[in-house]
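Data first, discussion second: the structure below is written as structure tokens.
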Amino acid sequence: MTSHNCFAYGSLMYEPIMATVSAQKCAGIPATLEGYSRHALQGEDYPGMVAEAGGKIAGILYRGLPATAIARLDDFEGAQYLRTQVIVRTGDGSAIHAEAYVLRPEYAHLLLPGDWDYAHFLAEGRQRFQR
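Residue numbering for the sequence shown follows the numbering used here, beginning at 385 and increasing consecutively.
This is the structure in structure tokens:
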């Protein structure tokens, strides 16, 4: 059975949301992704990620997800995002192949300046998002 690694950089960093969406018990580890930037989206509590030279995103790496979980994540992310192969680094410096959801270029006009704020999401947006 094929398993997948998934790099989460937004709402899915919160393990209860990831577990609900993927229908899997999820325990992630901190990881970073270079060459991308994360931004809030207009009118939304979740972010979008786009390629950007010099960018760096802190997120969570979920390892060993089954194909059924990835299919659920694909449905959850919807048409705005494209699942893309990336390489993330864990705290010990290991490079790990993973998949991440990149905002499609036709939606780039929705990105707001600056980095998306995870702490603000947990305090203000998480409850709205989970509804």
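Beta carbons are placed, not taken as given, at the ideal position from N, Cα and C, and that holds for glycine.
Who pairs with residue 422 in a beta bridge, going by DSSP?
-> Along the sequence shown, read from residue 1 onward, the residue named residue 422 stands at position 38. Per DSSP, 433.
May I ask you to verify whether the stretch 410 to 424 touches the stretch 440 to 447, counting CB pairs closer than 8 angstroms and requiring at least 3?
-> Touching, yes, given that three or more Cβ pairs across the two stretches are closer than 8 angstroms.
Extent of the continuous alpha helix (DSSP H) run through residue 505 | The residue you call residue 505 lines up with position 121 of the sequence shown. Per DSSP, residue 505 is not a residue of any alpha helix (DSSP H), being assigned neither H nor E.
Could you work out which residue in 415, 462, 434 is closest to residue 475 when comparing CA atoms only?
-> Translated into positions along the sequence shown, residue 475 becomes position 91. Looking only at 415, 462, 434, the smallest Cα-Cα distance to residue 475 is reached by 415.
Where does residue 497 fall in DSSP's three states?
-> Along the sequence shown, one-based indexing puts residue 497 at 113. In this structure, residue 497 counts as coil in the three-state DSSP scheme.
Under three-state DSSP, which class holds residue 491?
-> Numbered from its first residue, the sequence shown carries residue 491 at position 107. Residue state for residue 491 is assigned as helix, using DSSP reduced to three classes.
Less than 8 angstroms separating the beta-carbons of residue 465 and residue 485?
-> For the purposes of this step, residue 465 is taken as the residue at position 81 of the sequence shown. For the purposes of this step, residue 485 is taken as the residue at position 101 of the sequence shown. Yes, Cβ-Cβ distance for residue 465 and residue 485 is below 8 angstroms.
Answer with buried or exposed for residue 367, where buried requires no fewer than 16 other C-beta atoms within 10 angstroms of its C-beta.
-> As shown, the chain starts at 385 and ends at 515. That puts residue 367 outside it, with no answer to give.
From the DSSP output, in three-state form, read off residue 406 for me.
-> Residue 406 sits at position 22 when you count from the first residue of the sequence shown. Here residue 406 sits in helix by DSSP.
Member of 457, 468, 445, 410 whose CA lies at the smallest distance from the CA of residue 479 | The residue given as residue 479 occupies position 95 in the sequence shown. Distance check between residue 479 and each of 457, 468, 445, 410 places 445 closest, using alpha-carbon atoms only.
Limits of the unbroken alpha helix (DSSP H) element including residue 452 | For the purposes of this step, residue 452 is identified with residue 68 of the sequence shown, where counting begins at 1. Residue 452 -> alpha helix (DSSP H) spans 451 to 461.
Can you tell which of 433, 483, 432 has its C-alpha closest to the C-alpha of residue 391?
-> The residue labelled residue 391 in the question sits at position 7 within the sequence shown. Looking at the Cα atoms, 483 is the closest of the given residues.
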